[in-house]
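Residue numbers (my numbering): 251 to 633.
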């Protein structure tokens, strides 16, 4: 409490605050006065943490691009630099997110706040897009074993289907060859029946006139080789040759069918083993388990489309959350300080000051005089 002259001006709150603040170090006191003057304080540790998170995200994004380029069939420094240009430009945009988030809390103009908020949302979108690429790349190794074993199963299924088609074609060929042989056998049987019905010779009665007048003619029988026998025998020989050829073709086709059936057995065994390994890989996959719970199906019945849907939501939600983390850290680092209202100065009249402080001043003066006198008396006695 201060007063001067006939009237004093008293500011109790400001006086008490200054007395407390004077006990602080000068640097901290200057910071406190600056924060009170501008109306907010900033937690520097949170800002540093926000930038650490930001730089970590940027480092992961650039590392992902570098690793992706390094896995190309023909990587080169030129391709690496070319692939890094756009991510570096986006990294500069991402670095602006923390200052923009601080501006949303510290600026007094609503127009500036809105503009800063739009900038924050744009930076969050850029970061989310980059993190989505990282998330997609990180999920690939988890499904690599499952995809590889699934490819093995599909390859074996294709081989099995192709081999079954070959067996069906070979079976049809065997049936056709057997039908051809049976038809030739029936034709041979028919020719043999015709041959047995044919006579060996064709005989006819021949009348020879009697040289004697009035004599009876002589009747004899003339026989000749049956020409149909030669034709039938020729056809029978030809049919037998055809039967032999058909039988040889049937035996060859049947042997090929048995060989193809023998080739089918190891493929079926390999496919059974591959399907068992694929099921085991699916049951050990966390993504398949999550997709099975989400879509309420068995893990081994999860489709690639369902896995892609699950990956999309997992990566998008995680990317947005990670992009907003440093933003929220920066925004919560700002604490608004309400400026205290200025108190009206209190003026004490002369009469009131004399009434209030007169006896006190007189008592202080008397006590001081007594103390001086006592000190002087002790000094004289000592001398």
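By construction, the Cβ of each residue, glycine as well, lies at the ideal position given by its N, Cα and C atoms. For clarity, every value in this text was computed on a predicted model and none was experimentally measured.
Pick from the options: whose alpha carbon is nearest that of residue i?
i	options	result
residue 289	295, 485, 404 and 355	355
residue 588	328, 577, 282 and 302	282
residue 577	298, 422, 615 and 546	298
residue 390	627, 616, 408 and 561	561
residue 399	360, 495 and 533	533
residue 347	367, 527, 334 and 357	367
residue 426	503, 361, 461 and 436	503
residue 557	287, 537, 526 and 431	537
residue 499	430, 514 and 551	430
residue 422	375, 507, 334 and 404	507
residue 379	551, 488 and 336	336
residue 294	582, 628 and 609	582
residue 350	626, 371, 566 and 338	371
residue 343	327, 571, 369 and 325	369
Can you tell me which of the three DSSP states residue i falls into?
i	result
residue 294	helix
residue 618	helix
residue 265	For residue 265, the pLDDT reaches just 44, beneath the cut-off of 50, and the residue's location in the model is therefore unreliable, leaving the point undetermined.
Given a cut-off of 8 angstroms, decide if residue j and residue i are closer than it, judged by their beta-carbon atoms.
i	j	result
residue 316	residue 330	yes
residue 524	residue 406	yes
residue 417	residue 510	yes
residue 395	residue 531	yes
residue 361	residue 584	no
residue 541	residue 300	no
residue 314	residue 375	no
residue 404	residue 513	no
residue 279	residue 384	no
Between residue i and residue j, how many whole angstroms is the CB-CB distance? I'm expecting something under 8 angstroms.
i	j	result
residue 381	residue 575	Not really, about 11 angstroms apart at Cβ, beyond 8 angstroms.
residue 438	residue 517	Not really, about 41 angstroms apart at Cβ, beyond 8 angstroms.
residue 539	residue 393	Not confirmed; about 13 angstroms, so no contact.
residue 492	residue 434	5 angstroms
What alpha helix (DSSP H) runs, 4 residues minimum, are completely inside the segment 317-385?
Here the runs fully enclosed are 327-345 and 347-356.
| query | In chain order, which continuous runs of the alpha helix (DSSP H) of length 4 or greater are located wholly inside the segment 496-574? | reply | List check, alpha helix (DSSP H) in window: 536-545.
Every unbroken beta strand (DSSP E) within the segment 405-434, with a cutoff of 3 residues, ordered by chain: For the segment 405-434, not a single whole beta strand (DSSP E) run of length 3 or above is found.
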